[in-house]
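A short worksheet on the structure shown next.
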Amino acid sequence: MPSVSVCIPVHNGETYLAETIRSVLEQTWRDFELVVLENGSTDASWEIATSFRDPRIRVERNRQTLPQGDNWNRAVELCRAPLVKLVCADDLLHPRCLELQVPPMRDDPSLSVVASRRHMIDEQSRVIVPRRGLGGGLVGLHSGSEVARRVIRNGANPIGEPGNVLFRREQFVTAGGWRPERRFIMDLDLWMRLLQYGDFLGVPETLAAFRIARGSVSSEFEQQISEEQQLLFDELGDSGVFDVRPIDVRIGRLALPLGRARRKALFKVSRIAARKDDKLIAERDEAASADAR
45 MPSVSVCIPV
55 HNGETYLAET
65 IRSVLEQTWR
75 DFELVVLENG
85 STDASWEIAT
95 SFRDPRIRVE
105 RNRQTLPQGD
115 NWNRAVELCR
125 APLVKLVCAD
135 DLLHPRCLEL
145 QVPPMRDDPS
155 LSVVASRRHM
165 IDEQSRVIVP
175 RRGLGGGLVG
185 LHSGSEVARR
195 VIRNGANPIG
205 EPGNVLFRRE
215 QFVTAGGWRP
225 ERRFIMDLDL
235 WMRLLQYGDF
245 LGVPETLAAF
255 RIARGSVSSE
265 FEQQISEEQQ
275 LLFDELGDSG
285 VFDVRPIDVR
295 IGRLALPLGR
305 ARRKALFKVS
315 RIAARKDDKL
325 IAERDEAASA
335 DAR
């Protein structure tokens, strides 16, 4: 059995899938399996996934297209290792990601979540915002209550997306997995439920990259994201599991618009970069056409 499973759920992800798979295969930590779950794609995702000849890769296919939450749950279900990392089919891992995240989790049974910083990248894999995440003092070792208070006061998701987080498969099952009804904050919702069972470790290195592209779900549903975050913050305040104070929740409500503004700024930067790329491509095509004439 490998020490860690990396799973990539993919649906019509041909544009970036090969790059994502290569970023996993280039890990300096070699003891892992890579599970690629193809979810009813109509593009070349299946052909790309099965083109890699590496014994650590296992490519699975759903019999029918599943909703995102159900598909992510099945991806983790297919994993065999006690430690799991889910990577979206357009995101990337730094070569040392597993090397720096697996040993702390393996050696300390009190840890439930290990996270790192990540770069925000555009459609051409260029870094548009470096070293993002773990703000508000989340680097280092923290209890679940400490993390809950800092997440709420941040007004967004300072822990990050699945690619920069490592968790335990057993605790994932106990916590109930990804909740499809929390479609827009499935990651943050899961991290907080996992932290009922242990501590959080934030490593300072930047070990993943989250891609912001045109048409990203997060860029189109800002209102829904804010509403689901508010529901989560209220739940954390009322649950009694974490030592969250009423003032934390009040500050969180005030911080939500700021978190929303930060996300909008990121998407705007990505769209500007994409438009510049489109213009350059059009100019090159026009020049090539003129030369041909």
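Remember, the working numbering sits 44 above the position in the sequence shown when you count from 1. Think of the CB as a built atom: it goes at the ideal place given N, C-alpha and C, for glycine as much as any other residue.
| Asked | Found |
| --- | --- |
| Near Ile-229, what residues of its chain come up, given a Cβ to Cβ distance below 8 Å and the 5 sequence neighbours on each side ignored? | Asn-201, Ile-269, Glu-272, Gln-273 and Leu-276 |
| Just how far apart, CA to CA, sit Arg-197 and Leu-182? | 12 Å |
| Name the two residues that bound the continuous beta strand (DSSP E) containing Glu-104. | 101 to 105 |
| Kindly indicate which residue of Phe-76, Met-236, Leu-142 and Arg-255 has the alpha-carbon position closest to the one of Arg-194. | Met-236 |
| Going straight from the alpha carbon of Lys-129 to that of Phe-211, what length do you get? | 7 Å |
| Please classify Asp-287 as buried or exposed, where buried requires at least 16 other C-beta atoms within 10 Å of its C-beta. | exposed |
| For Val-209, tell me which candidate among Ala-253, Ser-169, Arg-226 and Leu-69 has the shortest Cα-Cα distance. | Ala-253 |
| Distance check for Glu-70 and Arg-227, CA to CA, integer angstroms please. | 31 Å |
| Run through the DSSP bridge pairs and tell me what Arg-162 is partnered with. | Arg-176 and Ala-252 |
| Can you check DSSP and say which residues form a bridge with Glu-214? | Paired residue(s): none; Glu-214 is not in a bridge. |
| Going by beta carbon distance, what residues of the same chain come within less than 8 Å of Val-171, once the five residues before and after it are set aside? | His-163, Met-164, Ile-165 and Ala-253 |
| Give the range of the beta strand (DSSP E) segment to which Glu-121 is assigned. | First-last for Glu-121: 112 to 121, but that is the alpha helix (DSSP H), not the beta strand (DSSP E). |
| Does DSSP put Gly-246 in a helix, a strand or coil? | strand |
| So Arg-213 packs on Val-120, CB below 8 Å; how close in whole Å? | 7 Å |
| How should Thr-218 be labelled, buried or exposed, when 16 other C-beta atoms within 10 angstroms of its C-beta is the threshold for buried? | exposed |
| Of the choices Val-293, Ala-93 and Ala-88, whose alpha-carbon is the least far from that of Val-80? | Ala-93 |
| Alpha carbon to alpha carbon, how far is Arg-118 from Ser-89? Give it in angstroms, no decimals. | 18 Å |
| Going by C-alpha to C-alpha distance, which of Cys-141, Pro-206 and Gly-57 sits closest to Asp-233? | Pro-206 |
| In angstroms, rounded to a whole number, what distance separates the CA positions of Ile-295 and Gly-281? | 12 Å |
| Which partner residues of Lys-129 appear in the DSSP bridge assignment? | Val-50 |
| With a cut-off of 8 Å, do at least 3 Cβ pairs link the segment 129 to 145 to the segment 56 to 66? | yes |
| Below 8 Å on the Cβ atoms is my guess for Ala-159 versus Ile-203; work out the distance and round it to an integer in Å. | 5 Å |
| Helix, strand or coil for Leu-182, going by three-state DSSP, please let me know. | coil |
| So the beta strand (DSSP E) Leu-239 belongs to, where does it begin and stop? | Premise fails: Leu-239 is in no beta strand (DSSP E) and is neither H nor E. |
| Just the C-alpha distance for Arg-150 and Gly-242, rounded to the nearest angstrom, thanks. | 13 Å |
| Report the option in Gly-303, Gly-220 and Gln-145 whose CA atom is closest to the CA atom of Gly-184. | Gln-145 |
| Determine, using beta carbons only, whether Val-103 and Phe-76 come nearer to each other than 8 Å. | no |
| Taking Phe-277 as part of the alpha helix (DSSP H), name the residues at either end of that continuous run. | 266 to 283 |
| Measure from the alpha carbon of Phe-365 to the alpha carbon of each residue in Leu-238, Ala-125 and Gly-199, then state which is nearest. | The question about residue 365 has no answer here: the residues shown for the chain are numbered 45 through 337. |
| From Arg-107 to Ile-52, what distance separates their C-alpha atoms? | 17 Å |
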